[in-house]
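Input: a single structure, listed below in structure tokens.
Residue numbers (my numbering): 1022 to 1219.
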């Protein structure tokens, strides 16, 4: 589902779950529609403002699990310049700065590497549209199930927002949330035993 406040989106679903059609819910960050996992939404405009400020200040930690094609071992960083084509709804890595070009940074750790597939844990530093997807694809490691960026495997999407850490907008207390991907579904089922130990 979409994470924005529109018909069929996550805020509408939460209002139904809360049995409060008029509940104020504010989206402070997004997930691509094909990506699942943990998100935070604000209940007040003030909380949304504080959470957005925490994101800009680097106080929000977002960790993802990813299953990509090819062997990617060890750990490291990916730092790129990204350009978003809004009409095509695609992002690309570019070599030169420009008015619409944004810096993108993530850190990765390989949890399991096989010749044809790897399981990664990713710490997203910047939150650009399709960032993880395009940064991996540009290095010859498209995510499993990501047709938009080159995968032709028929698998489910190999990207999951697995952990989120942020300061509570009212108390400042550090809040931590974690959820595993659906371990019975491919591509996650291959790594189910390992993922249960994380």
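Ideal placement from N, C-alpha and C gives every residue a C-beta, glycine not left out. Just so it is clear, the structure is predicted and the values come from calculations on it, not from any experiment.
Among the options, nearest to residue i - alpha-carbon criterion
i, options, result
"residue 1072", "1046, 1096 and 1054", "1046"
"residue 1125", "1163, 1104, 1172 and 1202", "1104"
"residue 1119", "1101, 1077, 1055 and 1193", "1101"
"residue 1211", "1113, 1183 and 1135", "1135"
"residue 1099", "1114, 1092 and 1109", "1114"
"residue 1054", "1063, 1030, 1193 and 1218", "1030"
"residue 1137", "1091, 1043, 1214 and 1070", "1091"
"residue 1148", "1109, 1041, 1078 and 1063", "1078"
"residue 1050", "1110, 1216 and 1083", "1083"
Where the alpha helix (DSSP H) containing residue i begins and where it ends
i, result
"residue 1152", "1152 to 1158"
"residue 1192", "Per DSSP, residue 1192 belongs to no alpha helix (DSSP H) and is neither H nor E."
First through last residue of the beta strand (DSSP E) which encompasses residue i
i, result
"residue 1182", "1180 to 1188"
"residue 1197", "1195 to 1199"
Under 7 Å between C-beta atoms of residue i and residue j
i, j, result
"residue 1088", "residue 1208", "yes"
"residue 1181", "residue 1097", "no"
"residue 1094", "residue 1131", "yes"
"residue 1069", "residue 1075", "no"
"residue 1188", "residue 1080", "yes"
"residue 1059", "residue 1200", "yes"
Reduced DSSP secondary structure (H/G/I, E/B, other) of residue i
i, result
"residue 1139", "strand"
"residue 1071", "helix"
"residue 1065", "coil"
"residue 1133", "strand"
CB contact check: residue i to chain C, cutoff 7 Å
i, result
"residue 1118", "Although the question refers to chain C, the structure presented lacks it and comprises just one protein chain."
Ignoring anything shorter than 3 residues, give me the beta strand (DSSP E) runs that lie fully in the region 1043 to 1127, in order along the chain.
Runs of the beta strand (DSSP E) inside the region 1043 to 1127: 1082 to 1090, 1096 to 1106 and 1111 to 1115.
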